[in-house]
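Residue 313 in numbering that gives the first Met the number 0 sits at position 314 of the sequence shown, with consecutive numbering throughout.
We put the beta carbon where it would ideally sit given N, CA and C, even for glycine.
The next block holds one structure in the form of structure tokens; read it before the comments.
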Amino acid sequence: MKATLIDSSKKYLTEQIGLIGERITSEVNDLFEPFSTPATPPSGPTSEKRFIDAISDGLRQSMEKHDNLVLMGQDIGEYGGVFKVTEGFLDQFGKERVRNTPLCESAIIGSALGLSMKGWKGMVEMQFADFVTCGFNQIINNLAKLHYRWEEKADVVVRMPTGAGVAAGPFHSQSNEAWFFHTPGLRIAYPAFPADAKGLLTRSFEDPNPVLFFEHKAIYRSVAQQVSDAYYSIPFGQANIVVKGDRLTVVTYGMGVHWAMAYAEQHKEQSIEVIDLRTLAPLDTDTIYTSVKKTGRALVLHEDCLTGGIGGELSALITENCWQWLDAPVRRCASLDTPVPFAVGLENNFLASNRLSATIEELLSY
């Protein structure tokens, strides 16, 4: 009799847990407009492209593929944008689809959302990611919530030139991806290499949901690689292991990938594994957990300030899901909790890269 009651209780609890899981899945699925467009793998000839060339190439080919795509931003027309990503676009696609805008980020993002509601696709270029504060409400309370509230898609991509290392000071150098990482309903891409940048950008336009696309300014003209000349796209939520190792996992994205790779190359005897997340939302936790279970140690590296950065959430996820495999506490390496300084020496001291070596040495010797 007792065994029967226990079995009945277990069955009931299992059923209830299953129902709760179904409800959670249903609620989360309501955040996004479903789509089934398959990604297009790279093919054909390649050529060496800098990061900025790959962005421009992906944007141009997306304009050719989607004739309802409209680009908007400050000086993106005749001038080609402050970083020259859209140089020549006005001549090819015309003023109806390549539109200069006033200095009003909220109006630009709001206009892109209005276009989406009328069946268009909108791309908004923030001249610098820092300026998105002026359009914050449009992103957080409109783009991110529209589908959840009344199943209206927000087919908008916001391109965000971001990051420090170029002596641009506190108002043109912030890493602000964590502001949006906390908000349900947004997709976030943050590539570190030209090939990923092109493929993730084209995928952003295939996806009918709001995408924040971060582009590190210091990578624009300093990183190049062979990139397919043809149109292709890369699915979101697939991290990439760029360096293999078995003693320490470094989880990072953007400029952090290049810092970690440089360190791993200089210290091959330490056998460090480097994971490039590529997208922050959705997040590829499977790749992270598999790597950490193998190495037993984890370091989360990002350029953003330490407090409130994405590293805190990643650290918690690793601790909760990989605890029994860890040989040391999960560590974070991030920039100082200050604005980004103007002076190059102070900026170098501010950046997480200044503390990377010491943090890795400490973690490996734990």
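In this structure, Arg49 sits away from Ala188, with a CB-CB distance that is not shorter than 8 Å. Runs of the alpha helix (DSSP H) lying entirely within the segment 215-271 and spanning at least 4 residues, in chain order: 254-265. Leu305 and Pro101 have their C-alpha atoms roughly 34 Å apart. Linking Gln126 to Cys103 through their CA atoms gives a straight-line distance of about 11 Å.
Residue pairing by DSSP places Ala280 opposite Ile187 in a beta bridge. In this structure Gln173 is buried. Its beta-carbon is surrounded by 16 or more other beta-carbon atoms within 10 angstroms.
With a threshold of 16 other beta carbon atoms within 10 Å, Phe88 meets it and is buried. Annotated three-state conformation of Gly121 is strand, per DSSP. DSSP places Gly72 within a strand segment (E or B) once states are collapsed to three. DSSP places Asp303 inside the beta strand (DSSP E), whose first and last residues are 297-304. Shown here for Pro41: same chain residues with a beta carbon closer than 6 Å to its own, the five before and five after excluded, namely Ser227, Tyr231 in chain order. For Cys321, the enclosing alpha helix (DSSP H) covers residues 309-321. Rounded to whole angstroms, the separation of the alpha carbons of Asp154 and Pro207 is 5 Å.
Gly295 sits close to Trp324, with the two beta carbons spaced by under 8 Å. Less than 8 Å divides the Cβ of Gln225 from the Cβ of Thr45.
A straight line joining the alpha-carbon of Glu312 with that of Thr278 spans about 15 Å. Taking a contact to require three or more Cβ pairs closer than 8 Å, the segment 104-123 and the segment 150-164 qualify as touching.
Taking a cut-off of 8 Å for Cβ pairs, the segment 181-199 and the segment 136-144 touch, as three or more such pairs fall below it. Excluding the 5 residues flanking it on each side, Phe82 has same chain C-beta neighbours closer than 8 Å at Ile51, Pro160, Lys216, Tyr219, in chain order. Gly80 has its alpha-carbon roughly 27 Å from the corresponding atom of Val256. Secondary structure at Thr161: strand, using DSSP grouped into helix, strand and coil. When beta bridges are read from the DSSP output, Glu47 appears opposite Gln225. Arg98 and Val131 do not touch by the CB rule: their CB atoms are close to 18 Å apart, not below 8 Å. The count of Cβ pairs closer than 8 Å, one atom from the segment 272-289 and one from the segment 232-245, reaches three, so the stretches are in contact.
Counting along the chain, Asn99 sits inside the beta strand (DSSP E) bounded by residues 97-99.
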